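Chemist: Residues in the sequence shown are numbered consecutively from 64, following my numbering.
Ideal Cβ placement from N, Cα and C applies to all residues, glycine included.
Please read these numbers as outputs of a predicted model, since none were measured by experiment.
Quick one: the structure is below, and I'll ask about it shortly.
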Amino acid sequence: MSIMTESHRNNKKMADGTTCGRLWRFCASAVAATLLGGCAAEQTPVPQASSMAAHVYEAHCSACHSLPSPKRLYYSQWEHMVGVMDGNMVHEGMKPLTPEDQRIILDYLKANARR
């Protein structure tokens, strides 16, 4: 009977979102780490390295991990990844991207993403 009670508690946690939310954050972080983890060996200069957009990209995106080449992902993947990383920044106690910096980074990635 106690096993059923524990199972019921776990199902309730999943239903009210507490466990589900943690699981989602964990999975999203794992996917992001997998996609960005191999970037250490990929230290190629970023496109338009002297541009203001490249500097904004580098300042924000290399604060926690090596800087991935924009050509690593398609733009649609970058759109999702920037949102995931912004959420991770907040979760780690960092300031989120400003709407302006997010727009600059996404425009930069759109211009330089894999095609």
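#1: Reducing DSSP to helix, strand and coil, say where R178 ends up.
#2: Do R135 and R177 have their C-beta atoms within less than 8 Å of each other?
#3: How would you call Y171, buried or exposed, if buried means at least 16 neighbouring beta carbons within 10 angstroms?
#4: Between which two residues does the alpha helix (DSSP H) harbouring H154 extend?
#5: Quick check on the burial criterion: 16 or more other C-beta atoms within 10 angstroms. Buried or exposed for C127?
#6: Given that a residue counts as buried once 16 or more other Cβ atoms are within 10 Å of its Cβ, and exposed if not, what is V183?
#7: Give the DSSP-derived three-state secondary structure of M157 in the structure shown.
#8: Taking Cβ to Cβ, would you say I168 is nearer than 8 Å to V145?
#9: Short of 6 Å in beta carbon distance, which residues of its chain neighbour A104, apart from the five on each side in sequence? Order them along the chain.
Modeler: Let's see:
#1: Working through the sequence shown from its first residue, we reach residue 178 at position 115. In the three-state DSSP reduction, R178 falls in the coil class, being neither helix nor strand.
#2: What you label residue 135 is simply residue 72 of the sequence shown in a count that begins at 1. What you label residue 177 is simply residue 114 of the sequence shown in a count that begins at 1. Going by C-beta atoms, R135 is nearer than 8 Å to R177.
#3: Here the question's residue 171 lines up with position 108 in the sequence shown. By the 10 Å Cβ count, Y171 comes out buried.
#4: Position 91 of the sequence shown, counted from the start, is the residue given in the question as residue 154. Where H154 is concerned, the enclosing alpha helix (DSSP H) stretches over Y138 to H154.
#5: Stepping through the sequence shown from its first residue, residue 127 is reached at position 64. Exposed: under 16 other Cβ atoms inside 10 Å.
#6: This structure cannot speak to residue 183, because the chain is shown only from 64 to 178.
#7: Start at 1 with the first residue of the sequence shown, and residue 157 comes out as number 94. Coil at M157, not helix or strand.
#8: Translated into the one-based positions of the sequence shown, residue 168 becomes position 105. Translated into the one-based positions of the sequence shown, residue 145 becomes position 82. Yes. Within cutoff.
#9: On the sequence shown, position 41 is the one that residue 104 refers to. Model confidence at A104 stands at a pLDDT of 47, short of 50, so the residue's coordinates are unreliable; what they give is reported in the following sentence. None.
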